[in-house]
Each structure stands twice: as C-alpha cells, then as structure tokens.
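A.B. asks:
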Amino acid sequence: MSEGIHPIASLLAAVARGITGVQVQWAGCEPDERQRIYFANHTSHLDFVVLWSALPSEIRVHTRPIAAKDYWEETSVRRYLAENVFKAVLVERGAMARSKSHDEAKFVGRSMIEDLTAALGECNSLILFPEGTRGNGEKVGEFRGGLYHLGLRRPDVELVPAYLENMNRILPKGEYLPVPMLSLLTFGKPIQVEPHENKDGFLERAREAVSSLRRIGPA
Amino acid sequence: MMTAIHDSILMWLFGGVLCLLVILTVVGRALKRSHNSNISRSTIDNFNAQIAAWWKMCVVLVLSMMLGRIGSLVLFGILSFLAMREYLTLVPTRRGDHRTLFWSFFVIMPLQYCVLGFHWYVLLAIMIPILACAFIPTSIAVAGDTAHFLERAAKVQFGLMVCGYCLSHAAALLQLKIPGFGGHDARLLLYLGLVGQMNDLLQYVWGKLIGKHKIAWRVSPEKTWEGFLGGLVSATALGTLLWWATPFTPLESAGMSFTICILGFAGGMVMSAIKRDIGIKDFGAVIERREGILDRIDSLCFAAPIFFHLVRYYFVRQL
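So the protein sequences, as listed, match chains A and B. One point on numbering: in the numbering used here, the residue at position 215 of the first sequence is 215, and numbering is uninterrupted. Take the position in the second sequence, starting the count at 1, then add 219; the result is the number in the numbering used here.
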C-alpha cells in the first residue's frame with residue numbers, strides 16, 4: 001500500500017500492546033519484508049491488532065487483515081475501522097455454505113480467493129484467522145479452506161503460523177472490558193502446500209502447526 | 220518524602236547496603252568471567268540474578284523515599300498491579316471469572332490504595348479479607364458457572380490478598396506517624412526488606428553448608444531444617460543489631476526480626492507450593508523469561524502486614 005499507517009491504527013496497536021503486555025517470539029522464522037500470510041488461532045477481538053502491532057513498522061505498512069464482512073460492516077464505526085483504519089480485506093463468511101447449488105458455491109469460493117489474491121498483489125502480506133470465528137481458547141478449531149486455496153495460487157508467499165496465548169482470557173468473545181493479563185505471541189516455521197497434498201491433509205497440518213506453538217496449558 | 224534525604228541514619232544504613240551491593244556485583248561479574256570449575260554455572264547465574272533483583276529493590280526503595288506519600292502509594296499500586304497480572308496470567312481461571320477479575324484489577328486494588336492514602340486503617344485491614352471475600356464469590360456465582368466454584372473464588376481471593384493486601388502494607392509503613400520517629404518511616408521499610416532478604420540469603424547459605432534434613436523436597440528442594448534454623452538465628456541477630464535505626468529497643472528489635480524471619484520462611488514456602496502446583500519454576504519465567512515480581516516478594520508477602528500491624532499496635536497506639 002502506498003499510504004502510511006493510519007494514526008488511529010498506531011494508537012490502537014499501542015493500547016493493545018499495553019493491555020496485553022505481549023511478548024513476541026520468532027521461533028521458526030525472522031521478521032521479513034517478503035510477502036507472507038500470517039495465520040493464527042482466533043479467540044478475541046484483540047488478536048488482529050496484537051499480531052499486527054508485533055510486526056516491525058516497515059512490515060506493518062503493507063500487512064492487511066482478512067476480516068468477516070457481515071461483522072465489520074454492521075455498524076459505521078466498525079466499517080470505518082475495517083476500511084479506513086486497518087484497510088481490511090473483507091470477505092463474506094459462510095457464503096459458500098449458503099449457496100444453493102454446487103456450481104454457485106464453487107463460483108462464490110473462487111471469487112473470494114480471487115479477491116484475496118488481488119489483495120496480496122505484488123507486495124502485500126495478509127493476516128488470516130482460518131478458524132473463521134472466535135473460539136473459546138481451549139483448542140484450535142478446524143480450519144476453513146481459504147488458506148489452502150491461497151497457498152495453491154501463490155506458492156511464492158510464505159505461510160507463517162502464529163499462536164496467540166491468553167487472548168481469550170484478556171478479552172473473550174462477548175465481553176467489552178479487558179482484563180490485563182500477559183500474553184505471548186509465537187511465530188512458527190513457515191509451511192507451504194506440498195505437491196499432491198489434498199485440502200484436508202494440508203488444513204490439518206496447518207492447524208497442527210499453529211497449536212504446536214502453544215506454551216501455557218489449557219485453562 | 221524528601222525528609223528521608225536529610226535522615227542521616229537512613230543514609231548511612233542505605234549507603235552501607237549500596238556499598239555491599241557494589242562489592243557483590245563486582246564479585247558476581249568476576250565469577251562469571253572466571254572459569255572456576257568448583258562452582259557450577261547455574262549457581263553463579265542464580266547469584267547474579269539475585270544481585271540484580273536486590274538492585275531493583277533498592278531502586279523501588281529510593282523512588283518511594285523520593286516520591287513522597289502519594290508518589291510511594293502510586294509506586295506500590297503499580298507493583299501490586301504488575302504482581303497481580305503475573306499471578307493471574309499463570310493461575311488458570313475460567314470464562315465466568317472475567318468480570319470478577321476486571322473488578323479485582325480496576326476497583327478493589329485501587330480502592331485498597333485509596334483507603335491507605337486516607338489512613339482509614341480499619342477499612343484497610345478489612346477491605347480485602349472481609350469485603351472482597353464476600354464480593355468475589357458472589358460475583359463469580361452471579362456469572363453462573365458453578366464448575367470448580369470454590370477453587371476459583373479462592374484463587375482470586377488469594378491473589379488479592381498477596382498482591383493487593385500484603386503489598387499495600389509494605390507501602391503503609393511509609394504512612395505511619397510514630398511519635399518521636401516522624402519522617403523516618405523509610406527506615407522501617409528498609410528494615411523489613413533487609414531482614415527479610417538476609418533471612419532468605421542466610422537460609423540458603425546455612426542450607427548449603429550444613430543442610431541435611433529437607434523440610435518438604437517436593438515444595439522446595441533447597442530448604443532444609445538446618446538452613447531454616449541457621450537463617451532464623453543469624454538473620455534475627457542481624458536484625459537485632461539494627462535496633463539503633465528503628466524505634467525499637469534491642470529486645471523489641473529481636474522480636475520483630477524473629478517475626479519477619481518466620482513469616483518470610485512461611486511466604487517462601489507457600490509461594491513455592493503454588494508454583495510447583497501450577498508446574499512452573501518462576502512466576503516471571505513463563506512469559507517474560509525472567510524472575511517476576513512475585514518471585515521477589517514471596518518472603519515479604521506475609522511479613523509486611525503483620526510487621527505493619529505490630530508496629531502500629533505497639534508504637535503508634537491510636538486504635
């Protein structure tokens with residue numbers, strides 16, 4: 001992206017870092033300006049901001065989140081945050097499941113991947129929460145297919161797993177006041193779609209790559 | 220309070236502590252560089268970590284002397300907050316505890332320090348043990364999750380007791396108005412810290428030298444009965460020798476030191492047991508990879524409130 005970081009984005013990132021006291025560990029790779037898709041477990045509204053704020057600012061500038069259209073277009077504040085502040089790529093969640101025929105589903109899915117590939121462009125990176133919704137933090141839920149299709153379409157983009165610890169305890173789903181516990185963010189070793197690997201096999205491997213980064217036992 | 224700067228006894232005492240620390244730091248550095256195979260690497264690292272921690276405690280002490288009454292309250296309030304954060308990060312809680320935890324962090328703990336600031340000592344003494352003790356289980360019950368109910372309420376309550384109640388009583392020492400001892404309160408805090416830390420150190424040293432009978436190896440493999448008694452006797456003796464810096468007579472000073480040492484031992488054992496139960500070595504180590512605040516204040520957590528109330532009961536007499 002040509003423009004810089006929105007000041008509100010920087011402010012929110014600083015606040016999120018303060019609340020969560022997040023410690024960042026690059027366990028499987030180093031911060032790098034190359035194109036990447038960061039994928040992580042999802043338990044809290046703070047997840048994206050914390051992950052994003054953990055990246056060095058020169059990487060942050062061209063890293064965009066993928067977010068659910070139905071949620072982030074619901075109110076004008078959310079829309080402003082998603083579109084103007086964080087420049088999110090909004091995707092329709094569950095559109096494939098809602099479609100009436102197999103062909104329609106295929107079409108919807110393909111156009112979504114098309115949008116995401118366009119968002120990656122030549123130099124952007126993306127942040128993706130493949131579970132599709134916020135979980136309760138006990139275990140990483142099943143991944144949706146987008147990560148696999150993106151990995152197939154753009155084999156040059158690194159897929160970096162990340163695990164966000166304790167975020168569900170800091171600001172769980174349904175709460176609006178945070179409890180300032182400490183959190184830990186671990187980046188793992190990049191993975192890619194292997195030749196002839198099927199979708200389910202890859203998604204399970206990706207899920208394993210995320211959950212294996214967990215340090216603190218289940219609550 | 221700025222009067223602390225003009226307190227020559229305090230300055231001598233504190234200057235002595237600083238000189239000792241400088242010497243220990245130099246020794247620690249030298250040990251780290253030498254390749255003496257008689258002492259293991261981990262012992263040297265522990266030694267250096269301990270010295271670094273003492274430096275931090277000195278910084279806290281200096282700041283609390285310089286910042287004045289309100290400043291020292293804010294300083295200890297922040298320490299309480301950070302300690303509570305460390306504790307709750309590692310002690311498992313459930314989704315239903317969220318609002319209770321929010322109240323604990325942002326209402327109960329700040330209130331404890333406000334009450335201290337206004338010198339409402341009765342409320343200071345009962346707020347967490349009685350009022351919070353009623354509030355916390357109630358608010359967890361209202362959240363509706365009954366699984367492990369008693370355990371969860373106890374976890375939050377204990378965290379508030381150690382991080383809020385106990386630590387605020389260390390700050391309370393700076394708020395006392397002892398007749399004929401005005402403006403010298405910082406000496407009491409130094410006395411508490413010094414005797415408590417020396418007790419830790421001497422327990423360790425005696426344990427290394429003559430320790431045989433382990434007290435509870437599962438809780439703390441280093442602690443032995445010989446170390447405990449040796450530390451108790453020698454640290455009490457040391458504390459007694461510091462009577463001239465306090466409002467106590469030598470005999471009273473011996474009693475106070477004895478109490479601080481016994482309670483320091485108790486605090487250390489209890490915090491170790493909690494850590495072993497959660498399965499960690501240090502509270503700070505899991506996320507921040509260093510010793511945490513709770514690892515440092517373990518020997519002060521029970522000693523501070525009891526020392527405070529003893530001093531207040533016998534030397535202030537304004538109940």
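Glycine included, C-beta positions come from ideal geometry on N, C-alpha and C.
Using a Cβ-Cβ distance cut-off of 9 Å, determine whether leucine 182 (chain A) contacts chain B.
C.D. replies: Closer than 9 Å to some Cβ of chain B, the Cβ of leucine 182 (chain A) qualifies, so yes.
A.B. asks: So which residues of chain B does proline 172 (chain A) contact, with C-beta pairs closer than 7 Å?
C.D. replies: Neighbours of proline 172 (chain A) on chain B, chain order: Arg314, His317.
A.B. asks: Leaving out the 5 sequence neighbours to the left and right, which residues in its chain are closer than 7 Å to proline 31 (chain A) when beta-carbon positions are compared?
C.D. replies: Around proline 31 (chain A): Leu55, Pro56, Ile59.
A.B. asks: Cβ closer than 9 Å: which chain B residues qualify as neighbours of leucine 177 (chain A)?
C.D. replies: The contacting residues are His317, Arg318, Phe321, Phe325.
A.B. asks: Less than 6 Å between C-beta atoms, sequence neighbours within five positions excluded: which residues of the same chain meet that for methionine 220 (chain B)?
C.D. replies: With a pLDDT of 46 at methionine 220 (chain B), under the threshold of 50, the modelled position of this residue cannot be trusted; read the value that follows with caution. The residues are Gly287.
A.B. asks: For valine 108 (chain A), which of A:Arg93, A:Leu120, A:Arg64 has the nearest alpha-carbon?
C.D. replies: When each option's Cα is compared against that of valine 108 (chain A), the closest is A:Arg93.
A.B. asks: Hey, out of B:Ile516, B:Phe534, B:Glu441, whose CA is closest to leucine 542 (chain B)'s CA?
C.D. replies: Not covered by the structure: residue 542 (chain B). The range shown for chain B is 220 to 538.
A.B. asks: Taking only beta-carbon atoms, is asparagine 168 (chain A) less than 9 Å away from chain B?
C.D. replies: Yes, asparagine 168 (chain A) lies at the interface with chain B (some Cβ there is under 9 Å from its Cβ).
A.B. asks: Here's the rule I'm using: 16 or more other beta-carbon atoms within 10 Å means buried, otherwise exposed. How should aspartate 514 (chain B) be labelled?
C.D. replies: Label assigned to aspartate 514 (chain B): buried.
A.B. asks: Going residue by residue through the region 113-175 of chain A, where are the continuous beta strand (DSSP E) segments of at least 3 residues, counting only ones entirely within it?
C.D. replies: DSSP runs (the beta strand (DSSP E)) wholly in the region 113-175 of chain A: 125-128, 158-165.
A.B. asks: On the three-state DSSP scale, how would you describe leucine 12 (chain A)?
C.D. replies: Here leucine 12 (chain A) sits in helix by DSSP.
A.B. asks: Starting from alanine 68 (chain A) and walking both ways along the beta strand (DSSP E), at which residues does that stretch end?
C.D. replies: Counting along the chain, the beta strand (DSSP E) containing alanine 68 (chain A) begins and ends at 63-68.
A.B. asks: Show which residues of chain B have a CB atom less than 9 Å away from the CB atom of asparagine 198 (chain A).
C.D. replies: None at all; the shortest Cβ gap to chain B is about 36 Å.
A.B. asks: Check distances from the C-beta atoms of the region 30-49 of chain A to those of chain B and list, in chain order, the residues that come in under 8 Å.
C.D. replies: Cβ contacts with chain B: none found.
A.B. asks: Is the region 34-43 of chain A in contact with the region 129-147 of chain A, if contact means three or more CB pairs nearer than 8 Å?
C.D. replies: Short answer: they touch.
A.B. asks: Please report how far the alpha carbon of serine 2 (chain A) lies from the alpha carbon of glutamate 74 (chain A), in whole angstroms.
C.D. replies: Residue confidence is low: serine 2 (chain A) scores 44 on pLDDT, short of 50, so the model does not pin down where it sits. Its coordinate-derived value is still stated next. In a straight line, the C-alpha of serine 2 (chain A) is about 28 Å away from that of glutamate 74 (chain A).
A.B. asks: To the nearest angstrom, how far is it from the Cα of leucine 203 (chain A) to the Cα of glycine 146 (chain A)?
C.D. replies: Cα to Cα, leucine 203 (chain A) sits roughly 10 Å from glycine 146 (chain A).
A.B. asks: Return the chain-ordered list of same chain residues with a C-beta closer than 7 Å to the C-beta of tryptophan 72 (chain A), the five sequence neighbours on each side being excluded.
C.D. replies: Answer for tryptophan 72 (chain A): Arg78, Arg79, Ala82, Ala88, Leu90, listed in chain order.
A.B. asks: Measuring only the C-alpha atoms, how far is valine 224 (chain A) from glycine 18 (chain A)?
C.D. replies: As shown, chain A starts at 1 and ends at 219. That puts residue 224 (chain A) outside it, with no answer to give.
A.B. asks: Excluding the 5 residues flanking alanine 437 (chain B) on each side, which residues of the same chain have their C-beta closer than 7 Å to its C-beta?
C.D. replies: Per the sequence shown, residue 437 (chain B) should be read as arginine rather than alanine. Closer than 7 Å at the Cβ level, and outside the excluded window around arginine 437 (chain B), lie Arg495.
A.B. asks: Could you tell me the distance, in whole angstroms, from the CA atom of histidine 102 (chain A) to the CA atom of leucine 152 (chain A)?
C.D. replies: Taking the straight line from one Cα to the other gives about 21 Å.
A.B. asks: For the region 469-481 of chain B against the region 405-414 of chain B, do three or more pairs of beta-carbon atoms, one drawn from each stretch, fall closer than 8 Å, so that the two count as touching?
C.D. replies: Touching, per the Cβ criterion.
A.B. asks: Given this structure, state the Cα-to-Cα distance separating tyrosine 340 (chain B) from glycine 383 (chain B), to the nearest angstrom.
C.D. replies: Computed Cα separation, rounded: 15 Å.
A.B. asks: Using a cut-off of 8 Å between C-beta atoms, extract the partners of asparagine 136 (chain A) located in chain B.
C.D. replies: Result: Arg314.
A.B. asks: With a cut-off of 9 Å, does the C-beta of leucine 307 (chain B) fall near any C-beta of chain A?
C.D. replies: Chain A contact via Cβ: present.
A.B. asks: Using beta carbons (cut-off 9 Å, strictly below), is methionine 220 (chain B) in contact with chain A?
C.D. replies: With a pLDDT of 46 at methionine 220 (chain B), under the threshold of 50, the predicted position of this residue should be treated as unreliable, and no value is reported.
A.B. asks: Run through DSSP, which three-state label would tryptophan 542 (chain B) get?
C.D. replies: Any answer about residue 542 (chain B) is impossible in this case: the structure gives chain B only from 220 up to 538.
A.B. asks: With a Cβ-Cβ cutoff of 9 Å, do cysteine 29 (chain A) and phenylalanine 187 (chain A) count as a contact?
C.D. replies: Yes, the pair counts as a contact, with Cβ atoms nearer than the cut-off.
A.B. asks: Going by the CB atoms, is the gap between valine 179 (chain A) and phenylalanine 527 (chain B) shorter than 9 Å?
C.D. replies: Contact: no.
A.B. asks: Check whether the Cβ of glycine 21 (chain A) lies closer than 9 Å to any Cβ atom in chain B.
C.D. replies: Taking Cβ atoms only, chain B reaches closer than 9 Å to glycine 21 (chain A), which makes this a yes.
A.B. asks: Need the endpoints of the alpha helix (DSSP H) that valine 414 (chain B) sits in, please.
C.D. replies: Residues 404-429.
A.B. asks: In chain A, which residues lie with their C-beta within 7 Å of the C-beta of arginine 371 (chain B)?
C.D. replies: Correct list: empty, because the minimum Cβ distance to chain A is about 11 Å.
A.B. asks: Measure the Cβ-Cβ separation of aspartate 501 (chain B) and glycine 511 (chain B) and say whether it is below 9 Å.
C.D. replies: A contact, by the Cβ cut-off of 9 Å.
A.B. asks: Among B:Phe377, B:Trp463, B:Tyr423, B:Pro398, which one has its Cα closest to the Cα of isoleucine 493 (chain B)?
C.D. replies: For isoleucine 493 (chain B), the nearest C-alpha among the options comes from B:Phe377.
A.B. asks: Considering just the uninterrupted stretch of the beta strand (DSSP E) at tryptophan 26 (chain A), what are its terminal residues?
C.D. replies: Unbroken beta strand (DSSP E) run through tryptophan 26 (chain A): 23-26.
A.B. asks: Please classify phenylalanine 39 (chain A): does DSSP put it in a helix, a strand, or coil?
C.D. replies: If DSSP states are grouped into helix, strand and coil, phenylalanine 39 (chain A) belongs with the strands.
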